[in-house]
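K.L.:
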Amino acid sequence: MTDQDTNNTPKKVEAEYVKPPSFFKMAMNFSKDLATYIKNGAPNVSTEDYIARLDTCQGCEFLIEEKKRCGACGCLIEHKAKWRTAGCPKQKWAVQDVSDLDIKKVEQNEDDRRTKNEQTGE
Ligand code: SF4
158 MTDQDTNNTP KKVEAEYVKP PSFFKMAMNF SKDLATYIKN GAPNVSTEDY
208 IARLDTCQGC EFLIEEKKRC GACGCLIEHK AKWRTAGCPK QKWAVQDVSD
258 LDIKKVEQNE DDRRTKNEQT GE
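Counting in our numbering, the sequence shown runs from 158 upward without gaps.
#1: Can you look up residue 214 in the DSSP assignment and give me helix, strand or coil?
#2: Is residue 208 a contact residue of ligand 1, with contact defined as CB to any heavy atom under 7 Å?
#3: Let's test the definition: count the other Cβ atoms within 10 Å of the Cβ of residue 204 and tell me whether it reaches 16, buried, or not, exposed.
#4: If you draw a straight line from the C-alpha of residue 182 to the C-alpha of residue 231, how long is it?
#5: Pairing CB atoms from the region 191 to 209 with CB atoms from the region 237 to 247, are three or more of them under 8 Å?
#6: State the Cα-Cα distance for the pair residue 178 and residue 221, rounded to the nearest angstrom.
#7: Does the beta carbon of residue 192 fall short of 7 Å from some heavy atom of ligand 3?
#8: If we count the other Cβ atoms within 10 Å of its Cβ and call it buried at 16 or more, is residue 216 buried or exposed?
#9: Check residue 201 in the structure and name its three-state DSSP category.
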């Protein structure tokens, strides 16, 4: 929603208070998104897509500005917007296709990382 300021230029009017989901619901939403993200090898969007997603959130009536949290799902947008496997709960930006990812290679890299950590004691 926009309004006019004294210079007759549009300005963003503070959105009505957006009541976020309950803590339990936010935790469930975040856990589900995180599990999908990890299961697919933690794929991130490109920098350009990340910026575009954040720009969309910035202009969204559901954004809880002071907490940088989506008022629809409760997720922190800086994380959610980065994940290819996450989508906007109001369909303002979509989940990205991850079928191009080689999951076997991702799993092998994860196994290699674990082995290395065990060897170095990390
Ligand atoms: S994720 Fe979607 S609904 Fe939530 S703040 Fe961003 S654009 Fe709005």
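Cβ atoms here follow ideal geometry from the backbone N, Cα and C, with glycine treated the same way.
P.N.:
Let me spell this out:
#1: helix
#2: no
#3: exposed
#4: 8 Å
#5: yes
#6: 12 Å
#7: Absence of ligand 3 from the depicted structure is noted, with ligand 1 being the only ligands included.
#8: exposed
#9: strand
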